[in-house]
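S.K.: Just passing along the structure, written as structure tokens.
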Amino acid sequence: MSVVLERIRSDHAAALLVFERENRAFFAGRVPDRGDAYFAEFDARHRELIEAQEAGEIHFHVLVGEDGEVLGRINLNEVDPVAGTAELGYRLAEKATGRGLATSGVREVIRRAAEEYGLLRLTAVVSHGNDASRAVLARAGFGAVGAVVLEVGELGTAYELDLGGSFGRERSGTSS
Numbered sequence: 060m061s062v063v064l065e066r067i068r069s070d071h072a073a074a075l076l077v078f079e080r081e082n083r084a085f086f087a088g089r090v091p092d093r094g095d096a097y098f099a100e101f102d103a104r105h106r107e108l109i110e111a112q113e114a115g116e117i118h119f120h121v122l123v124g125e126d127g128e129v130l131g132r133i134n135l136n137e138v139d140p141v142a143g144t145a146e147l148g149y150r151l152a153e154k155a156t157g158r159g160l161a162t163s164g165v166r167e168v169i170r171r172a173a174e175e176y177g178l179l180r181l182t183a184v185v186s187h188g189n190d191a192s193r194a195v196l197a198r199a200g201f202g203a204v205g206a207v208v209l210e211v212g213e214l215g216t217a218y219e220l221d222l223g224g225s226f227g228r229e230r231s232g233t234s235s
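Under my numbering, the sequence shown has 149 at position 90, and the numbering climbs by one with no breaks.
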């Protein structure tokens, strides 16, 4: 199965809504549920995300299968172009887990963050019970930097990835 990573566009809205609805219970077992309002206001929210992306405030991506089905999301939120930072978030459809799609998608977003979006550091936060996401971050090179309390009061771990490593050398043309 061929899967490609694409920046979100207006024409992804319908497939993205199907992805969110079909996986709602699966996601709610790992992260706080988005709530009914998210689904009721989906179209307006999607338009707002496209506008925010065009303004450089976010960089949202979808993993799309051969048939146009959305299999995952990999997002860069809270983009600070001055500091060169953003927060990584991702979710994969239940039926797409266990195939390395999250890891390969996160790695591609990391590459884009460094080479296309000019970012220098990414952060991520994962709840303590979400071992699969913790493993994805580790495989992608993130390091744990400390404990955090998530918005819902759950304990989690904060992670960081310095993009000044090999990505930075590739961009600057230096060898170290």
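Where a beta carbon is used, it is the ideal one built from N, C-alpha and C, also for glycine.
Round the Cβ separation of Gly157 and Ser186 to the nearest angstrom and send it over; I've been treating them as touching at under 8 angstroms.
M.R.: The Cβ separation is near 19 angstroms, so there is no contact.
S.K.: Confirm the yes/no value for this check: CB of Ala99, any heavy atom of the ligand GTP, distance under 6 angstroms.
M.R.: As for the ligand GTP, it is missing from this structure, which has no ligand bound.
S.K.: Does the segment 174-182 touch the segment 105-114, meaning 3 or more C-beta pairs lie closer than 8 angstroms?
M.R.: no
S.K.: Is the distance from the Cβ of Gly205 to the Cβ of Ala217 below 7 angstroms?
M.R.: Result yes, Cβ atoms of Gly205 and Ala217 sit closer than 7 angstroms.
S.K.: Tell me the residue span of the beta strand (DSSP E) that contains Glu219.
M.R.: Leu214 to Asp221
S.K.: Only counting the same chain, and skipping five residues up and downstream in sequence, which positions put a Cβ closer than 7 angstroms to that of Gly202?
M.R.: Tyr218 and Glu219
S.K.: Could you compute how far the alpha carbon of Ile67 sits from the alpha carbon of Ser61?
M.R.: 18 angstroms
S.K.: Have a look at Val208 and Ala145 and give me their C-alpha separation to the nearest angstrom.
M.R.: Distance between the alpha carbons of Val208 and Ala145 is about 19 angstroms.
S.K.: Spatial neighbours of Glu213 within its chain, please: CB distance less than 7 angstroms, with the 5 preceding and 5 following residues excluded, ordered by chain position.
M.R.: Ser186
S.K.: Could you check whether the segment 80-87 touches the segment 117-127, counting it as contact only if at least three pairs of C-beta atoms, one from each stretch, sit closer than 8 angstroms?
M.R.: Contact annotation: the segment 80-87 does not touch the segment 117-127, with fewer than three C-beta pairs closer than 8 angstroms.
S.K.: Taking just the CA atoms, how far does Asn136 sit from Ala96?
M.R.: 20 angstroms
S.K.: Smallest Cα separation from Gly138: which of Gly164, Leu151, Gly127 and Ala111?
M.R.: As written in the sequence, residue 138 is Val, which differs from the Gly given in the question. When each option's Cα is compared against that of Val138, the closest is Ala111.
S.K.: Less than 7 angstroms separating the beta-carbons of Ala239 and Leu130?
M.R.: Residue 239 cannot be examined here, being either before or after the span of the chain that is shown, 60 to 235.
S.K.: Express the C-alpha separation of Gly143 and Ala155 in angstroms, rounding to a whole number.
M.R.: 31 angstroms
S.K.: Verify whether the separation of the beta carbon atoms of Ile133 and Val165 is less than 7 angstroms.
M.R.: yes
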